[in-house]
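Notes to accompany the following structure.
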Amino acid sequence: MPPITKISKSDIVNSAVEIVRKSGIDALNARSLAAELSCSTQPIFSNFSGMEELRVAIIDRGKKIFSDFVESAMTEDKYPPYKASGMAYIEFAKVEKNLFSLLFMRDRFGEDEEHFEIGDKITARVKIDNGFDEDTAKLFHLEMWAFVHGIASMIATGYLELDTELVSRMLTDSYQGLKLKYGEAQNDRG
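Numbering (numbering that gives the first Met the number 0), first residue to last: 0 to 189.
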């Protein structure tokens, strides 16, 4: 009798993430995952109580992939760190359309607020780079992120194609405008 291959929880999540990357979350079900793993559905349900628990694990892995992607961009010298985070967010939407959609374009009604540690680092960067207080840095980043997310969403859905140089210019323009607005507002309070 041939030895039984043990399929780990990590193997299952890795294969599930690959299905999502290739075909989107709607393509993932127990049968498609079992086919990807070359096994029955038994190992899936031995490791997870159901597909919802697996979906949560996929989202967690997606968050890690996204955070690593952004952090890597922020440590390169191509752009200043804050701009690099926005450029990376948009690039992630371009190269990981399905993961981007799962993380940032799904219905979240009734879910707890998601937390990405990278967001705290980015807000801290705004505070340090501009000398803003905590509340100003958060609002600045929220406005900037809404702009970046709009571009990324249009790219992820195929609505718009923009070259990197134009995106870079757009982010600089938006950043400079917000910096001027919030810098003047902070000076008025000081």
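For glycine and all other residues, C-beta sits at the position ideal for the given N, C-alpha and C.
Residue environment, P79, which counts as buried when at least 16 other CB atoms sit within 10 Å: By the beta-carbon neighbour count (other beta carbons within 10 angstroms, threshold 16), P79 is exposed.
Alpha carbons only, please: which of L141, V94 and K77 is nearest the one belonging to T156? Minimum Cα distance to T156 is reached at V94.
Could you please give the first and the last residue of the uninterrupted alpha helix (DSSP H) stretch that includes S191? This structure does not reach residue 191, given that the chain is present from 0 up to 189, and the question cannot be answered.
Range covered by the alpha helix (DSSP H) that runs through T135: For T135, the enclosing alpha helix (DSSP H) begins and ends at E133 to A155.
Identify, in the order they occur along the chain, each residue of the same chain with its Cβ nearer than 8 Å to the Cβ of L141, setting aside the five sequence neighbours on each side. Short of 8 Å from the beta carbon of L141, and not among the five residues preceding or following it, lies no beta carbon of its own chain.
List the whole-angstrom C-beta distance separating Y81 from V147, where the pair is believed to meet the contact cut-off of C-beta under 8 Å. At roughly 11 Å, the Cβ-Cβ gap does not stay under 8 Å, so Y81 and V147 are not in contact.
DSSP-derived helix/strand/coil call for E35: Correct three-state label for E35: helix.
Return the Cβ separation of F65 and F47 in integer angstroms, given the expectation that the two are a contact with Cβ distance under 8 Å. Rounded to whole angstroms, the Cβ separation of F65 and F47 is 22 Å, and the two are not in contact under 8 Å.
So, does the region 53–73 touch the region 4–12, judging by three or more C-beta pairs under 8 Å? The way I'd put it, the region 53–73 does touch the region 4–12; three or more beta-carbon pairs between them come closer than 8 Å.
Measure the C-alpha to C-alpha separation of L179 and G23 and round it to an integer number of angstroms. So the alpha carbons of these two residues sit roughly 40 Å apart.
For T163, does the count of other Cβ atoms within 10 angstroms reach 16, so buried, or fall short, so exposed? When all chains shown are included, T163 counts as exposed.
According to DSSP, is K93 helix, strand or coil? Note: K93 maps to helix in three-state DSSP.
Span of the alpha helix (DSSP H), counted from its first residue to its last, around P42: Run containing P42: Q41 to N46, per the alpha helix (DSSP H) assignment.
Specify the secondary structure class of N28 as computed by DSSP and reduced to three states. DSSP places N28 in the coil class of the three-state scheme, outside both helix and strand.
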